[in-house]
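There are 2 protein chains.
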Amino acid sequence: MGYALLDHSTDPPRILDCGIVETPRGVTAAERLLAIATALEHLIREYGPTAFAVERLYFNKNVRTAMAVAEARGVALLCAARGGLTVAEYTPQEVKLSVTGTGGADKKQVQRMLSAVLSLEAPITQDNVADAVAIALTHIRRAKWDSVVAAAT
Amino acid sequence: MGYALLDHSTDPPRILDCGIVETPRGVTAAERLLAIATALEHLIREYGPTAFAVERLYFNKNVRTAMAVAEARGVALLCAARGGLTVAEYTPQEVKLSVTGTGGADKKQVQRMLSAVLSLEAPITQDNVADAVAIALTHIRRAKWDSVVAAAT
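Respectively, the protein sequence lines represent chains A and B.
Just so it is clear: in the first sequence, position 132 is 129 by the numbering used here, and no numbers are missing.
Just so it is clear: in the second sequence, position 11 is 8 by the numbering used here, and no numbers are missing.
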């Protein structure tokens, strides 16, 4: 599971931390979920984020994988709720549209745009990490847009 | 989400508690999962169970429902891991086979068998609660069987 913490007070937003929540191999589903919860709670304590954005997934070719992903999503949502974070969900299409301007962009296009928009010295090449940064960026942009709209109306 | 706590030290096992984890209506997914975790943690503290058995589901006609169920399952598995409980998973077919003797039994047959096997004064008519009792009973039977096999070999 990829994660990213972005500071939205700078322009462009700054990546504070990102990576993969490592889960031990050859463990049970419950142990895997415990490792995810422990890691997320550690990140929430360390950085004190105020918002949590996560991918919304409806379909997956592999039902078994889809169930495992949904279980991890449930645990992540629980950690966010316990941490008092506001929660937002975005579909992959919304994320691609927000980051690249087109909902049909591929992963490489998203990664190139992240490098450009966030002025990264090195591109993010791990798919799960790039996805997490893209989702966080999408949420920052949506929140800014919402506040501009609210201020204007 | 139905739950049931059974005492396996008596014969037949005795239902200590069973019911539905109530979740508030019109709340977000994160708030729903938080309510489930809080309720399960309360039950684990109150009864101090040693084992946790849950339904294993691979398919659901409604993908949206399947995802919500898997998220709740993830939270339940996390609570079990945090509580130090051993975790077991059973498919609906395994549960029906264990309780009624046939994997194709319908819900009414399962409910009638639960009444008979557990010497219930009143039948359990709520599907989710009956499912939870049936899963717990399946686990007790499986654990007894395993211990008999282990003692004999």
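Positions of the beta carbon are idealized from the N, C-alpha and C atoms, including for glycine.
Quick caveat: nothing in here was measured; it's all calculated off a predicted structure.
Is the Cβ of C118 (chain A) closer than 8 Å to any Cβ of chain B?
In the first sequence, counting from the first residue as 1, residue 118 (chain A) sits at position 121. A quick correction: the sequence has Glu, not Cys, at residue 118 (chain A). So, not an interface residue.
Determine the burial state of Q90 (chain B): buried for a count of at least 16 other Cβ atoms within 10 Å of its Cβ, exposed for fewer.
In the second sequence, counting from the first residue as 1, residue 90 (chain B) sits at position 93. With fewer than 16 other Cβ atoms within 10 Å, it is exposed.
If we count the other Cβ atoms within 10 Å of its Cβ and call it buried at 16 or more, is G100 (chain B) buried or exposed?
As a first step, residue 100 (chain B) is located in the second sequence; it is residue number 103 there, counting from the start. So G100 (chain B) ends up on the exposed side.
Boundaries (first-last residue) of the beta strand (DSSP E) holding V51 (chain B):
Position 54 of the second sequence, counted from the first residue, corresponds to residue 51 (chain B). It spans A48 to E52 - the beta strand (DSSP E) in which V51 (chain B) sits, taken as one unbroken run.
Any idea what DSSP makes of V18 (chain B), helix, strand or coil?
Position 21 of the second sequence, counted from the start, is the residue given in the question as residue 18 (chain B). It is coil, neither helix nor strand.
Name the chain A residues whose beta carbon is nearer than 7 Å to that of E28 (chain B)?
Taking the second sequence and counting its residues from 1, the one referred to as residue 28 (chain B) is at position 31. Within chain A, the residues near E28 (chain B) are A78.
Check whether the Cβ atoms of G71 (chain A) and L30 (chain B) lie closer than 8 Å to each other.
Stepping through the first sequence from its first residue, residue 71 (chain A) is reached at position 74. Stepping through the second sequence from its first residue, residue 30 (chain B) is reached at position 33. It is a contact, given that the beta carbons lie within the stated cut-off.
In chain order, what residues of the same chain have a beta carbon less than 7 Å from the beta carbon of A69 (chain A), not counting five sequence neighbours either side?
Counting from 1 along the first sequence, the entry for residue 69 (chain A) is found at position 72. Apart from sequence neighbours up to five positions away, the residues of its chain that approach A69 (chain A) with a beta-carbon distance below 7 Å are M(-2), L30 and I33, ordered along the chain.
Tell me, please, whether the CB atom of G71 (chain B) is closer than 8 Å to any CB atom in chain A?
In the second sequence, the residue the question calls residue 71 (chain B) occupies position 74. So yes, G71 (chain B) belongs to the interface.
What three-state label does DSSP hand A85 (chain A) in the structure shown?
Within the first sequence, the letter at position 88 stands for residue 85 (chain A). The answer is strand: DSSP assigns A85 (chain A) an E or B state.
Using beta-carbon positions only, say whether L37 (chain A) and A73 (chain A) come within less than 8 Å of one another.
Start at 1 with the first residue of the first sequence, and residue 37 (chain A) comes out as number 40. Start at 1 with the first residue of the first sequence, and residue 73 (chain A) comes out as number 76. Contact: yes.
Under 8 Å between C-beta atoms of L82 (chain B) and T47 (chain B):
One-based indexing of the second sequence puts residue 82 (chain B) at position 85. One-based indexing of the second sequence puts residue 47 (chain B) at position 50. Cβ distance < 8 Å, so L82 (chain B) and T47 (chain B) count as in contact.
In three-state DSSP terms, what is G206 (chain A)?
The question about residue 206 (chain A) has no answer here: the residues shown for chain A are numbered -2 through 150.
Give the residues of chain B in contact with T7 (chain A), contact being defined as C-beta atoms less than 9 Å apart.
For this step, residue 7 (chain A) is matched to residue 10 along the first sequence. Per Cβ cutoff of 9 Å: no residues; T7 (chain A) is ~27 Å from chain B at best.
Rounded C-alpha distance that separates R61 (chain B) from A27 (chain B)
The count along the second sequence starts at 1 and reaches residue 61 (chain B) at position 64. The count along the second sequence starts at 1 and reaches residue 27 (chain B) at position 30. The straight-line gap from Cα to Cα measures roughly 15 Å.
Counting Cβ pairs closer than 8 Å, one from the stretch 94 to 113 of chain B and one from the stretch 118 to 137 of chain A, do we hit at least three?
no
Would you kindly check if the distance between the Cβ of D14 (chain B) and the Cβ of Y44 (chain B) is under 8 Å?
Translated into the one-based positions of the second sequence, residue 44 (chain B) becomes position 47. Translated into the one-based positions of the second sequence, residue 14 (chain B) becomes position 17. Yes, the Cβ-Cβ distance between Y44 (chain B) and D14 (chain B) is below 8 Å.
Between L31 (chain B) and chain A, is the shortest Cβ-Cβ distance under 8 Å, so that the two count as touching?
For the purposes of this step, residue 31 (chain B) is taken as the residue at position 34 of the second sequence. Under the 8 Å criterion on CB atoms, L31 (chain B) is classed as interfacial with respect to chain A.
Rounded to a whole number of angstroms, what is the C-alpha to C-alpha distance between R139 (chain A) and C76 (chain B)?
For the purposes of this step, residue 139 (chain A) is taken as residue 142 along the first sequence, with counting starting at 1. For the purposes of this step, residue 76 (chain B) is taken as residue 79 along the second sequence, with counting starting at 1. Between R139 (chain A) and C76 (chain B), the C-alpha separation is close to 33 Å.
Cut-off 8 Å between Cβ atoms - residues of its own chain near L111 (chain B), not counting five sequence neighbours on either side:
Residue numbering aside, residue 111 (chain B) sits at position 114 when the second sequence is read from its first letter. Closer than 8 Å at the Cβ level, and outside the excluded window around L111 (chain B), lie V96, L117, P120, I121, A127, V130, A131 and L134.
Taking its Cβ as the centre, do 16 or more other Cβ atoms sit within 10 Å of V145 (chain B), making it buried, or is it exposed?
Numbered from 1 along the second sequence, position 148 holds the residue referred to as residue 145 (chain B). Burial call: exposed.
Could you tell me which residues DSSP puts in a beta bridge with I12 (chain B)?
Walking along the second sequence from the start, residue 12 (chain B) turns up at place 15. Note: I12 (chain B) sits in a beta bridge opposite B:L3.
Taking 8 Å as the CB-CB cut-off, is A34 (chain A) touching chain B?
In the first sequence, counting from the first residue as 1, residue 34 (chain A) sits at position 37. So yes, A34 (chain A) belongs to the interface.
When burial is assigned at 16 or more other CB atoms within 10 Å of the CB, is K93 (chain B) buried or exposed?
Within the second sequence, the letter at position 96 stands for residue 93 (chain B). Buried, since its Cβ has 16 or more Cβ neighbours within 10 Å.
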